[in-house]
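Undergrad: The structure follows.
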Amino acid sequence: MNRRQAIQFSVCAALGASLGLSWPARLAEAAKQQEDEQDITDQFLEDYFQKIKNFNKVHPKDVYLPEAQRVTLKETVSRLQRMERVIGHANFHLISFDEALNTAKNSVTIGPFTRPEVVFLESMFFAAANDYGFLGEKPITQLTDAVPKHKVVKIPGTGNFLFKGPAEEVYHRVKTAVGADLQLTSGIRGIVKQYLLFLTKALDSGGNLSMASRSLAPPGYSFHGIGDFDVGQVGFGALNFTAQFTESRVFNRIKELGYLKLRYTRDNAYGVRFEPWHIRVIG
Ligand SMILES: [Zn+2]
């Protein structure tokens with residue numbers, strides 16, 4: 039390590055430590071993969087922060103789904119969308135992979151998943167997401183993991199569920215403190231729901247997996263599967279899922295009251311955009 043690199047690394051380490059993250063190591067690993075160098079370089083960090091800031095833009099090293107799989111991607115998304123319509127938005131949040139296969143098989147409207155679709159879904163789940171730029175942990179490692187129904191509670195009027203225990207308690211504490219204009223915009227998302235969100239984004243991004251993963255965790259990598267949730271302000275609509283949420287009364291009240299615990303901060307080490315609406319419950 040030369041002097042310049044040593045300075046860069048110590049700056050990163052100090053910044054990482056102040057955030058309570060092991061992110062210098064995480065970024066160093068990504069830097070090695072992408073730059074084939076031993077240490078984090080200025081250029082790597084500059085590119086990294088540009089990417090998470092301009093998350094919806096194409097970046098030169100973005101990784102795309104192979105052309106041959108694009109049709110399968112489209113058909114899989116259509117099938118998942120039909121399933122969501124058939125079983126309902128709320129139920130779709132909880133459905134497991136095995137239940138989804140069975141539900142599709144027994145429904146004329148949905149139709150069974152084809153062999154290429156199942157192979158595609160499996161390959162997406164088991165692919166290492168850091169290969170295309172998502173650097174977060176994978177809290178769900180089994181494709182067949184199901185959300186235990188007896189451990190969840192439905193939040194009236196939202197179509198969303200939360201885990202009993204810490205998630206439900208944090209939500210009620212924040213809701214009581216902030217008031218009626220705080221809404222739960224997304225609670226538990228099982229693997230199948232996360233597939234639909236991530237693959238829809240990948241489809242809309244022209245097969246760009248890197249771009250999709252800057253906005254949505256790939257299936258298995260979402261903490262919505264184990265306890266985190268999203269909040270918004272009633273009437274704020276789609277702005278609840280933009281950086282403008284920081285200008286809302288709800289966000290500022292959460293912050294003032296000391297309840298703000300974000301998973302994806304502005305300078306996070308996960309390769310993900312700033313998500314001021316996503317409340318970290320776990321970890
Ligand atoms: Zn979220």
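So that you can map any letter, position 273 of the sequence shown is 311 in the working numbering, and since no number is skipped, the others follow by simple counting.
For glycine and all other residues, C-beta sits at the position ideal for the given N, C-alpha and C.
Within 8 angstroms, do at least three Cβ pairs link the stretch 259-270 to the stretch 210-223?
TA: At 8 angstroms Cβ cutoff, the stretches touch.
Undergrad: Using CA coordinates, which residue listed in 177, 256, 103, 228 is at the minimum distance from residue 134?
TA: Nearest of 177, 256, 103, 228 to residue 134, Cα basis: 228.
Undergrad: Using a strict less-than 5 angstroms threshold between each residue's beta carbon and the heavy atoms of ligand 1, what residues do you get?
TA: Matched residues: 268, 316.
Undergrad: Anyone know if the C-beta pair for residue 100 and residue 248 falls short of 7 angstroms?
TA: The answer is yes: Cβ separation under 7 angstroms.
Undergrad: Leaving aside the five residues before and after residue 314 along the sequence, list all residues of the same chain whose C-beta is less than 7 angstroms from its C-beta, in chain order.
TA: Cβ within range, chain order: 281, 283, 284, 289, 300.
Undergrad: Start and end of the alpha helix (DSSP H) containing residue 289?
TA: Here the alpha helix (DSSP H) through residue 289 covers 287-294.
Undergrad: Report the option in 137, 202, 312 whose CA atom is closest to the CA atom of residue 319.
TA: It is 202 whose Cα lies nearest to the Cα of residue 319.
Undergrad: Between the C-alpha atoms of residue 59 and residue 306, what's the straight-line distance to the nearest angstrom?
TA: With a pLDDT of 47 at residue 59, under the threshold of 50, the modelled position of this residue cannot be trusted; read the value that follows with caution. If I take the Cα positions, the gap works out to 9 angstroms.
Undergrad: Cβ of residue 185 within 7 angstroms of Cβ of residue 226?
TA: Yes, the Cβ-Cβ distance between residue 185 and residue 226 is below 7 angstroms.
Undergrad: Give a yes or no on whether the C-beta atoms belonging to residue 131 and residue 199 are separated by under 7 angstroms.
TA: Against a cut-off of 7 angstroms, the Cβ pair of residue 199 and residue 131 comes out as a contact.
Undergrad: Just to check my reading of the structure: residue 123 and residue 151 have Cβ atoms closer than 8 angstroms, yes? What is that Cβ distance to the nearest angstrom?
TA: No, residue 123 and residue 151 are not in contact; Cβ-Cβ is about 16 angstroms, not under 8 angstroms.
Undergrad: For a test of the three-state rule: what should DSSP assign to residue 180, helix, strand or coil?
TA: In the structure shown, residue 180 sits in coil (DSSP, three-state: anything other than H, G, I, E or B).
Undergrad: My understanding is that residue 236 touches residue 250, with C-beta atoms under 8 angstroms, so please give their C-beta distance in whole angstroms.
TA: Contact flag correct, Cβ pair sits at about 6 angstroms.
Undergrad: Report the partner residues of residue 192 according to the DSSP bridge assignment.
TA: BP columns for residue 192 point to 199.
Undergrad: Going straight from the alpha carbon of residue 312 to that of residue 149, what length do you get?
TA: Cα to Cα, the separation comes out at about 38 angstroms.
Undergrad: What is the rounded straight-line gap between the Cα of residue 139 and the Cα of residue 239?
TA: About 22 angstroms.
Undergrad: Compare the beta carbon distance of residue 297 and residue 310 with 7 angstroms and say whether it is the shorter of the two.
TA: Cβ distance not < 7 angstroms, so residue 297 and residue 310 don't count as in contact.
Undergrad: Exposed or buried, what is residue 257 when buried is set at 16 or more other beta-carbons lying within 10 Å of its beta-carbon?
TA: Residue 257 comes out buried.
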